[in-house]
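Let me begin by presenting the structure, written as structure tokens, before commenting on it.
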Ligand SMILES: Cc1cc2nc3c(=O)[nH]c(=O)nc-3n(C[C@H](O)[C@H](O)[C@H](O)COP(=O)(O)OP(=O)(O)OC[C@H]3O[C@@H](n4cnc5c(N)ncnc54)[C@H](O)[C@@H]3O)c2cc1C
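Residue numbers (this note's numbering): 7 to 473.
The structure is reproduced here in structure tokens:
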């Protein structure tokens with residue numbers, strides 16, 4: 007049963023039935039709840055009245071037009087993993103959920119993948135593996151393929167193929183006025199630039215054509231190394247001297263296992279076990295207390311991060327962007343995190359994650375090619391997630407999260423600025439930290455393409471609320 011709200015700008019049951027009548031038969035309109043639209047983190051999460059699942063691209067456009075005519079706020083819902091505190095939907099708006107638009111197809115040469123706006127990372131790897139053609143994605147199966155891409159997109163293949171935005175050939179987008187436009191580098195250079203980095207501010211991307219690589223290996227070597235606290239200094243020293251080859255990536259985690267701090271290093275090499283072992287010889291030489299490794303098919307590359315995908319609970323997350331690895335910063339953050347998880351057992355699942363990618367190839371593509379601010383500056387993407395279930399812990403979580411972020415920012419190796427990857431931001435960062443020197447141009451384009459500020463939920467370029 008849908009909530010019946012009667013205030014201006016809120017969803018009337020009458021209005022919803024008028025929407026339903028506009029949509030094709032496969033579309034669904036239902037009450038919003040944690041089953042119909044779960045979020046990765048409930049911390050300051052939006053709580054819409056209803057969820058619309060358009061069955062077709064035309065239904066997405068019709069829903070946006072209907073929302074405009076009825077003054078109903080809306081938010082695109084894809085993988086539901088966005089955690090930033092910018093969401094202002096409250097109880098008076100709707101989700102436009104893209105899950106019915108999850109198709110992934112390939113051209114006959116397998117060089118182009120056509121991906122629906124609501125396809126998850128796992129939809130892409132499953133279809134790509136079956137087709138025998140590799141596509142660059144994020145590293146967690148639950149993440150919306152386009153949710154990650156529209157902010158830049160980083161993943162295992164960043165070192166070989168650049169950011170996810172670098173792999174796009176065209177974007178099909180429903181704009182703020184409800185019109186559908188196919189955007190390419192030549193058809194609309196401004197929108198093409200803005201969508202690839204600040205996408206959620208400019209429209210609902212209902213489909214994308216991206217490069218696919220049929221000649222590449224669909225297997226990779228992966229290893230999980232476990233270290234204990236007494237090994238931290240040696241490990242951090244080894245990481246400080248590490249250079250990542252293009253085919254590799256590294257993830258560093260601080261997690262508490264039954265009250266004991268564990269430092270986990272996950273290694274990835276798009277190649278053989280011998281190549282991976284050689285690339286990470288200095289890290290392996292530190293002598294992990296446990297090592298497991300295997301050569302895995304593409305469909306299993308993200309298996310190790312499955313627990314990170316679990317939705318629900320409070321998981322505010324603070325992140326930074328680093329040019330270089332700073333052993334002292336990661337040592338200081340270890341102390342902050344260890345104090346958190348040992349002092350507060352309810353927050354024992356809190357963790358620190360560093361995603362580290364070789365960026366040399368991405369930097370052969372000009373920074374001006376897309377609205378991604380960090381390309382030429384940042385290689386390491388650390389974050390701290392404070393996990394708990396009782397919202398009375400919020401203020402304590404903020405203290406720890408801000409403290410860890412401040413350590414990283416003070417040691418980020420970027421003269422004069424801080425950058426945070428938009429998809430990792432907490433939501434309190436100055437817009438310059440998110441958009442860098444692109445901010446003024448993005449704000450000008452925003453006035454042109456969304457003058458009424460309908461897309462105002464994701465590091466909003468013109469502030470919160472409808473103009
Ligand atoms: C467990 C986990 C793993 C992650 N791994 C990675 C990773 O490997 N690489 C990486 O780059 N990032 C990663 N991220 C960050 C992730 O990219 C962002 O959280 C991203 O915003 C999530 O997109 P979503 O579609 O899953 O979430 P949602 O909350 O549904 O969407 C996030 C924002 O993007 C907008 N949006 C989503 N899809 C569209 C669309 N088609 N058109 C227009 N707007 C859209 C939404 O409106 C919202 O504002 C990860 C996050 C989590 C929680």
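Note that beta-carbon positions come from the ideal geometry of N, C-alpha and C, so glycine has one too. Computed from a predicted structure; not experimentally measured.
Compute the distance between the beta-carbons of residue i and residue j, then report whether it is under 7 Å.
i	j	result
residue 458	residue 208	no
residue 174	residue 187	no
residue 95	residue 52	yes
residue 419	residue 330	yes
residue 376	residue 203	yes
residue 206	residue 464	yes
residue 368	residue 381	yes
residue 110	residue 133	yes
residue 40	residue 58	no
residue 389	residue 428	no
residue 45	residue 86	yes
residue 441	residue 403	no
residue 227	residue 284	no
For residue i, which residues from the same chain have a beta carbon less than 8 Å from its beta carbon, with the 5 sequence-adjacent residues on both sides left out?
i	result
residue 311	145, 146 and 147
residue 14	The predicted position of residue 14 is uncertain, since its pLDDT is 43 and thus under 50; no value can be drawn from it.
residue 7	For residue 7, the pLDDT reaches just 33, beneath the cut-off of 50, and the residue's location in the model is therefore unreliable, leaving the point undetermined.
Answer yes or no: the CB of residue i versus the heavy atoms of ligand 1, is any distance below 6 Å?
i	result
residue 145	yes
residue 113	no
residue 200	no
residue 154	yes
residue 160	yes
residue 362	no
residue 32	no
residue 429	yes
residue 206	yes
residue 67	no
residue 86	yes
residue 46	yes
residue 315	yes
residue 130	no
residue 83	yes
residue 270	no
residue 149	yes
residue 210	yes
residue 168	no
residue 304	no
residue 307	no
residue 463	yes
residue 122	no
If I'm right that residue i touches residue j with Cβ under 8 Å, what's the distance once you round it to whole angstroms?
i	j	result
residue 211	residue 123	5 Å
residue 120	residue 213	7 Å
residue 177	residue 150	About 14 Å separates the two Cβ atoms, so there is no contact after all.
residue 49	residue 322	4 Å
residue 476	residue 47	Here the chain has residues from 7 to 473 only, and residue 476 is not among them.
residue 417	residue 335	4 Å
residue 222	residue 140	5 Å
residue 308	residue 225	With a Cβ gap of about 14 Å, residue 308 and residue 225 do not count as contacting.
residue 384	residue 437	Not quite, the Cβ-Cβ distance comes to about 17 Å (not below 8 Å), so this is no contact.
residue 443	residue 342	Not a contact, Cβ separation roughly 31 Å.
residue 399	residue 353	7 Å
If I measure Cβ to Cβ from residue i and keep anything under 6 Å in the same chain, skipping five residues before and after, which residues do I get?
i	result
residue 255	162, 274 and 363
residue 32	61
residue 82	102 and 210
residue 460	182
residue 231	271, 294 and 297
residue 467	207, 448, 449 and 452
residue 299	229
residue 25	72
residue 12	Only weak support exists for where residue 12 lies, its pLDDT of 38 falling under 50; the coordinates are left without a value.
residue 432	324
residue 217	173
Determine which residues share a DSSP beta bridge with residue i and list them.
i	result
residue 361	257 and 387
residue 324	390
residue 296	232
residue 276	Per DSSP, none; premise fails for residue 276.
residue 112	119
residue 301	227
residue 440	Note: residue 440 sits in no beta bridge, so no partner.
Who are the near neighbours of residue i in its chain, counting only those whose CB is closer than 7 Å to its CB and skipping five residues on each side?
i	result
residue 287	none
residue 435	426
residue 3	With the chain covering only 7 through 473, there is no way to say anything about residue 3.
residue 156	201, 205, 206 and 211
residue 361	160, 257 and 387
Closer than 7 Å, CB to CB, is residue i near chain B or not?
i	result
residue 152	Annotation note: the requested chain B is absent from the structure, which comprises a single protein chain.
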